[in-house]
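Taken in sequence, the protein lines are chains A and B. To get the numbering used here, take the position in the first sequence, counting from 1, and add 1. To get the numbering used here, take the position in the second sequence, counting from 1, and add 1. Glycine is no exception: its CB is placed at the ideal position from the N, C-alpha and C atoms. So the structure is just underneath, and the comments pick up after that.
There are 2 protein chains.
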Amino acid sequence: MSNIKPSLAKGTRDFSPQEMVKRNYIFDTIKKVFKKYGYAEIQTPSMENLATLTGKYGDEGDKLIFKILNSGDFLAKVKPDLLTQANSNAITSSISEKALRYDLTVPFARYVVMHQNDISLPFKRFQVQPVWRADRPQKGRYREFYQCDVDVVGSDSLLNEAEFILIYQEALSNLGLSDFTIKINNRKILSGIAEVVGKPELIVDMTVAIDKLDKIGLEGVIKELLERGFTEADISRLKPVILLDGTNEQKLGSLKSVLAVSQTGLAGIAEIEKVFAYVTGLLKADQVVKPDITLDITLARGLNYYTGCIFEVKTNEVAMGSIGGGGRYDDLTGMFGLKGLTGVGISFGADRIYDVLQELNLFPESAAAGTKVLISNFDEAAEIYALPILQQFRNAGIAAELYPSSAKLKKQMSYADDKHIPYVILIGSDEMQNGRITLKDMNSGQQRQLSAEEIIELLKD
Amino acid sequence: MSNIKPSLAKGTRDFSPQEMVKRNYIFDTIKKVFKKYGYAEIQTPSMENLATLTGKYGDEGDKLIFKILNSGDFLAKVKPDLLTQANSNAITSSISEKALRYDLTVPFARYVVMHQNDISLPFKRFQVQPVWRADRPQKGRYREFYQCDVDVVGSDSLLNEAEFILIYQEALSNLGLSDFTIKINNRKILSGIAEVVGKPELIVDMTVAIDKLDKIGLEGVIKELLERGFTEADISRLKPVILLDGTNEQKLGSLKSVLAVSQTGLAGIAEIEKVFAYVTGLLKADQVVKPDITLDITLARGLNYYTGCIFEVKTNEVAMGSIGGGGRYDDLTGMFGLKGLTGVGISFGADRIYDVLQELNLFPESAAAGTKVLISNFDEAAEIYALPILQQFRNAGIAAELYPSSAKLKKQMSYADDKHIPYVILIGSDEMQNGRITLKDMNSGQQRQLSAEEIIELLKD
Numbered sequence: 002m003s004n005i006k007p008s009l010a011k012g013t014r015d016f017s018p019q020e021m022v023k024r025n026y027i028f029d030t031i032k033k034v035f036k037k038y039g040y041a042e043i044q045t046p047s048m049e050n051l052a053t054l055t056g057k058y059g060d061e062g063d064k065l066i067f068k069i070l071n072s073g074d075f076l077a078k079v080k081p082d083l084l085t086q087a088n089s090n091a092i093t094s095s096i097s098e099k100a101l102r103y104d105l106t107v108p109f110a111r112y113v114v115m116h117q118n119d120i121s122l123p124f125k126r127f128q129v130q131p132v133w134r135a136d137r138p139q140k141g142r143y144r145e146f147y148q149c150d151v152d153v154v155g156s157d158s159l160l161n162e163a164e165f166i167l168i169y170q171e172a173l174s175n176l177g178l179s180d181f182t183i184k185i186n187n188r189k190i191l192s193g194i195a196e197v198v199g200k201p202e203l204i205v206d207m208t209v210a211i212d213k214l215d216k217i218g219l220e221g222v223i224k225e226l227l228e229r230g231f232t233e234a235d236i237s238r239l240k241p242v243i244l245l246d247g248t249n250e251q252k253l254g255s256l257k258s259v260l261a262v263s264q265t266g267l268a269g270i271a272e273i274e275k276v277f278a279y280v281t282g283l284l285k286a287d288q289v290v291k292p293d294i295t296l297d298i299t300l301a302r303g304l305n306y307y308t309g310c311i312f313e314v315k316t317n318e319v320a321m322g323s324i325g326g327g328g329r330y331d332d333l334t335g336m337f338g339l340k341g342l343t344g345v346g347i348s349f350g351a352d353r354i355y356d357v358l359q360e361l362n363l364f365p366e367s368a369a370a371g372t373k374v375l376i377s378n379f380d381e382a383a384e385i386y387a388l389p390i391l392q393q394f395r396n397a398g399i400a401a402e403l404y405p406s407s408a409k410l411k412k413q414m415s416y417a418d419d420k421h422i423p424y425v426i427l428i429g430s431d432e433m434q435n436g437r438i439t440l441k442d443m444n445s446g447q448q449r450q451l452s453a454e455e456i457i458e459l460l461k462d
Numbered sequence: 002m003s004n005i006k007p008s009l010a011k012g013t014r015d016f017s018p019q020e021m022v023k024r025n026y027i028f029d030t031i032k033k034v035f036k037k038y039g040y041a042e043i044q045t046p047s048m049e050n051l052a053t054l055t056g057k058y059g060d061e062g063d064k065l066i067f068k069i070l071n072s073g074d075f076l077a078k079v080k081p082d083l084l085t086q087a088n089s090n091a092i093t094s095s096i097s098e099k100a101l102r103y104d105l106t107v108p109f110a111r112y113v114v115m116h117q118n119d120i121s122l123p124f125k126r127f128q129v130q131p132v133w134r135a136d137r138p139q140k141g142r143y144r145e146f147y148q149c150d151v152d153v154v155g156s157d158s159l160l161n162e163a164e165f166i167l168i169y170q171e172a173l174s175n176l177g178l179s180d181f182t183i184k185i186n187n188r189k190i191l192s193g194i195a196e197v198v199g200k201p202e203l204i205v206d207m208t209v210a211i212d213k214l215d216k217i218g219l220e221g222v223i224k225e226l227l228e229r230g231f232t233e234a235d236i237s238r239l240k241p242v243i244l245l246d247g248t249n250e251q252k253l254g255s256l257k258s259v260l261a262v263s264q265t266g267l268a269g270i271a272e273i274e275k276v277f278a279y280v281t282g283l284l285k286a287d288q289v290v291k292p293d294i295t296l297d298i299t300l301a302r303g304l305n306y307y308t309g310c311i312f313e314v315k316t317n318e319v320a321m322g323s324i325g326g327g328g329r330y331d332d333l334t335g336m337f338g339l340k341g342l343t344g345v346g347i348s349f350g351a352d353r354i355y356d357v358l359q360e361l362n363l364f365p366e367s368a369a370a371g372t373k374v375l376i377s378n379f380d381e382a383a384e385i386y387a388l389p390i391l392q393q394f395r396n397a398g399i400a401a402e403l404y405p406s407s408a409k410l411k412k413q414m415s416y417a418d419d420k421h422i423p424y425v426i427l428i429g430s431d432e433m434q435n436g437r438i439t440l441k442d443m444n445s446g447q448q449r450q451l452s453a454e455e456i457i458e459l460l461k462d
């Protein structure tokens with residue numbers, strides 16, 4: 002066995018018990034909402050055939066896919082001249098036939114196509130699993146991270162879009178966030194604008210430039226639009242829509258007149274209006290905090306991928322990028338030969354949400370709950386006396402430990418402190434004689450003598 | 002984008018919603034017990050540095066580790082003569098510096114060493130994560146599968162061993178299993194036997210042969226022992242211990258006389274007796290089903306790894322290999338330069354437990370619970386009427402869906418059937434007029450008209 006000082010692979014993380022409890026709190030809270038809205042969990046393998054992933058994420062994405070080396074004598078089948086040329090690109094497909102999942106969307110598409118005879122449409126699924134990307138690691142960017150996706154495939158109803166808004170609202174509220182904005186846009190509105198300006202072929206350039214309004218301001222966007230092939234005249238036509246202001250209704254009103262001649266643009270507006278109508282209908286039920294939804298025409302999410310509504314969520318309590326996003330994409334499964342299936346979905350940025358909750362101190366006490374009571378261990382007699390009491394606690398559903406040796410009390414107390422165990426039980430000769438044991442509240446320092454049954458009553462919640 | 006017929010990577014699996022609910026049921030049930038016994042969850046990355054894993058699993062194990070191809074121009078740094086030789090083994094470390102987790106034990110050891118200043122001992126952790134092995138796939142053997150491990154490091158108390166017995170007992174009972182045997186042995190007893198026979202250097206050969214008693218019978222074991230270097234005389238001394246019979250107490254009694262001259266052997270017996278005493282003490286509490294514990298001298302688990310108690314669990318209800326196992330290993334972290342830490346742990350074979358529960362039909366109804374009620378969608382008026390009702394259900398914690406379009410009722414009903422949704426609500430013009438909606442019980446076919454509030458009362462549990 003080699004004797005090396007161990008380290009983590011670059012860009013990866015361990016999660017401690019404290020971190021795991023908090024991460025599970027986030028995932029459990031979100032999953033519970035997914036289920037209430039009729040979504041069911043699936044999982045796909047970490048490894049996919051390389052051919053399943055290649056070509057789905059663009060050239061840059063392909064480079065970031067982690068490939069798995071074939072097992073055994075992987076060079077045996079490689080042509081000798083490929084080896085002497087030392088051409089990494091050319092050789093890759095000969096020595097690697099599997100790769101790690103890069104996102105959850107392509108495996109989901111593969112899943113739908115492979116299981117099309119077993120699933121009934123619309124198929125509502127969520128998936129919370131790690132993905133791997135060979136990105137250069139940096140603060141907040143890891144090579145292994147969890148994605149948390151919820152999608153429905155096979156339904157073009159805009160009720161789905163409306164429900165995703167409520168899923169965001171409910172999940173993030175349940176996590177304790179109180180001030181966040183759900184931005185909505187529609188790809189067809191962006192297409193309509195490009196059409197009206199007369200440069201439909203430049204739609205990608207336009208959205209990329211407009212997407213930067215927050216970062217580089219109007220001047221920056223204009224500069225970029227000029228660089229990307231728009232004229233001053235185009236830009237004067239674009240300006241009113243880039244700087245659109247007012248309530249959602251006012252914005253939609255303005256857009257309707259700007260896009261009056263664009264079928265596509267008007268269809269996008271109608272979709273947004275229908276989504277809003279569904280949200281209003283759903284919110285007629287009581288007890289729901291109204292979501293803050295903003296039509297944001299600069300929202301393009303850089304992607305040439307969405308075809309209808311686009312979403313993004315931003316917290317207003319902490320400076321942080323988006324904590325979620327998604328949208329409608331037609332033809333999800335076309336890449337695997339199953340045409341005509343439309344999908345819509347959103348995802349939650351779990352790592353960022355973690356950082357937000359941490360910064361706002363929003364993790365509840367219960368998200369630190371491990372062992373509730375530690376029974377100290379003075380000597381063998383006390384240990385024997387403690388055994389059935391220990392088990393009594395557990396039978397009552399209380400997480401309990403007996404310190405496993407009769408170490409110094411100070412050591413046992415600092416063990417309880419380190420593990421954030423809120424109660425310690427002291428059993429000495431007094432306690433064994435009178436049958437009442439001492440319960441110490443580690444927060445207040447208060448001690449009192451009680452029976453095991455009384456302590457169980459006290460600690461059960 | 003390529004247009005290929007998609008397939009799964011060899012030896013990997015998708016998990017459908019129905020399977021996920023059952024898998025989660027198993028993991029949640031087991032984790033809940035871990036927590037009650039004071040264990041906390043950690044997670045480690047899927048990828049480790051190759052050097053962290055290499056040399057820990059023997060030569061055969063090393064071959065089964067999935068290596069990850071370095072990103073970018075991975076051949077650039079390889080010596081040209083290595084390439085022309087086409088020697089796969091020699092080139093591997095030049096083109097791969099990371100690998101996929103092979104088990105949870107080595108990453109746990111790395112975790113303990115790297116975080117030794119942050120954790121307080123004894124450190125009680127559980128970990129439920131996938132591992133990857135380049136095994137030849139076959140029935141029941143996958144290249145990606147979950148391990149479910151619970152270990153404590155830094156405590157030599159035999160209370161830990163006793164608690165693991167109760168953890169098995171409680172977790173498997175909670176899963177509905179009623180007839181299973183927890184086998185226990187101690188490596189020191191095996192060492193003592195080898196010592197008494199006078200062949201301590203053949204201990205591995207002896208345990209490997211004895212371990213096969215169940216499979217090849219006494220004759221087979223004797224044949225193998227002869228082949229492995231034991232004499233007829235050795236075997237006549239071995240026979241009584243191999244064929245040991247009676248209660249645990251009787252077996253321990255016989256062993257004590259056989260091993261009277263072996264310090265090590267007697268120490269092993271004393272450890273088993275202490276574990277039994279702890280179990281008896283813990284079981285003085287009420288409400289606990291007594292575990293079926295059997296001292297099994299043939300239990301060796303083939304491994305040269307354990308140093309103290311060894312466990313294995315076998316269900317008696319279904320023909321199946323062991324559904325769990327573990328033991329005490331000294332010097333867990335020595336491989337990473339931290340000496341003198343002892344550990345003990347067990348694991349649950351989740352895939353096998355799944356198969357057992359499936360075969361015995363032990364998955365509870367609740368382990369299929371997805372959407373509880375589907376609201377059918379007749380037309381636009383009914384849809385609008387349904388929206389706040391839909392949300393009322395969800396606000397009451399009831400998983401509910403509205404069929405997202407006004408498809409034919411038959412189609413909507415078969416959607417409910419396929420998703421095993423137990424209730425469907427019908428809203429037609431009658432219902433909208435009188436404010437009472439029709440609830441159809443999909444199991445009984447029974448229909449009745451109720452208010453939304455009455456339905457909520459009925460479906461809440």
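Query, Result
"Going along the region 147-163 of chain B in order, which residues come within less than 7 Å of chain A, judged by CB to CB distance?", "Ser156, Ser158, Leu160, Asn161"
"How big is the Cα-Cα spacing for A/Ile456 and A/Leu440?", "8 Å"
"So, is B/Gln448 buried or exposed, given that buried needs 16 or more other C-beta atoms within 10 angstroms?", "exposed"
"Between the region 28-43 of chain B and the region 125-143 of chain B, do three or more beta carbon pairs fall short of 8 Å?", "yes"
"For a quick check, are the C-beta atoms of B/Gly230 and B/Asp206 less than 8 Å apart?", "yes"
"Compute the Euclidean distance between the alpha carbons of A/Gly327 and A/Gln170, then round it to the nearest angstrom.", "14 Å"
"Output the distance between the C-alpha atoms of B/Met2 and A/Gly56, rounded to the nearest integer angstrom.", "The pLDDT assigned to B/Met2 is 44, lower than 50, so where the model puts this residue is not dependable; a value taken from the coordinates is nonetheless given after this. Straight-line Cα distance between these residues: approximately 5 Å."
"Looking at chain A, is there any beta carbon in it that lies within less than 8 Å of the beta carbon of B/Ser3?", "The pLDDT assigned to B/Ser3 is 47, lower than 50, so where the model puts this residue is not dependable, and the model offers no usable value."
"Nearest to A/Gln148 by CA position, among A/Asp352, A/Phe312, A/Glu162, A/Asn435, is which residue?", "A/Asp352"
"Do the CB positions of A/Ile390 and B/Pro18 come within less than 8 Å of each other?", "no"
"Would you say B/Lys285 faces chain A, with C-beta separation under 8 Å as the test?", "yes"
"Can you pull out the residues from the region 36-50 of chain B whose beta carbon lies closer than 8 Å to at least one beta carbon of chain A?", "Lys36, Lys37, Tyr38, Gly39, Ala41, Glu42, Ile43, Gln44, Thr45, Pro46, Ser47, Met48, Glu49, Asn50"
"Looking only at C-alpha atoms, which of B/Asp380, B/Phe146, B/Thr248, B/Thr343 sits nearest to B/Leu410?", "B/Asp380"
"Can you give the Cα-Cα distance for B/Glu228 and B/Lys213, rounded to whole angstroms?", "14 Å"
"According to the neighbour-count rule (16 or more other Cβ atoms, all chains shown, within 10 Å of its Cβ), is B/Thr232 buried or exposed?", "exposed"
"Determine the extent of the alpha helix (DSSP H) in which A/Arg329 is found, giving its start and end residues.", "Element bounds for A/Arg329: not the alpha helix (DSSP H) but the beta strand (DSSP E), 325-330."
"What is the DSSP secondary structure of B/Gln228, reduced to helix, strand or coil?", "Note that residue 228 of chain B is Glu in the sequence shown, not Gln. The answer is helix: DSSP assigns B/Glu228 an H, G or I state."
"Tell me which same chain residues have a C-beta within less than 6 Å of the C-beta of A/Asn249, skipping the five on either side of it?", "Leu296"
"A/Ser377 and A/Ile438: beta carbons closer than 8 Å?", "no"
"With DSSP collapsed to three states, give me the class of A/Arg464.", "This structure does not reach residue 464 of chain A, given that chain A is present from 2 up to 462, and the question cannot be answered."
"Is it the case that the region 44-51 of chain A contacts the region 170-190 of chain A, given that we only count it when at least three CB pairs across the two stretches are under 8 Å?", "no"
"Please determine if the region 343-357 of chain A and the region 135-153 of chain A are in contact, where contact requires at least 3 C-beta pairs separated by less than 8 Å.", "yes"
"At 7 Å on the CB atoms, spell out the chain A contacts of B/Tyr112, in chain order.", "Asp15"
"Determine which residues of the region 395-412 of chain B have a Cβ less than 8 Å from any Cβ of chain D, and write them out in chain order.", "No chain D is part of this structure, whose protein chains are labelled A and B."
"Taking only runs of the alpha helix (DSSP H) that begin and end inside the region 190-277 of chain B, which ones reach a length of at least 4 residues, in chain order?", "204-211, 214-228, 233-243, 249-259"
"At the level of alpha carbons, what is the spacing between B/Ile294 and A/Ile27?", "40 Å"
"If we cut at 8 Å on Cβ distances, does B/Gly446 have a partner in chain A?", "no"
"May I ask you to check if the CB of B/Ala382 is nearer than 7 Å to at least one heavy atom of the ligand FMN?", "Although the ligand FMN was asked about, the structure shown includes no ligands whatsoever."
"Straight-line CA distance for B/Lys6 to A/Glu318?", "46 Å"
"So is A/Phe165 in contact with chain B if we call contact Cβ pairs under 8 Å?", "no"
"Taking DSSP as the reference, what is the three-state secondary structure of A/Glu384?", "helix"
"Please report the distance separating the alpha-carbon of A/Phe146 from that of A/Leu51.", "20 Å"
"Establish whether the CB of B/Tyr1 and some CB of chain A are separated by less than 8 Å.", "Absent from the structure is residue 1 of chain B, since the part of chain B shown begins at 2 and ends at 462."
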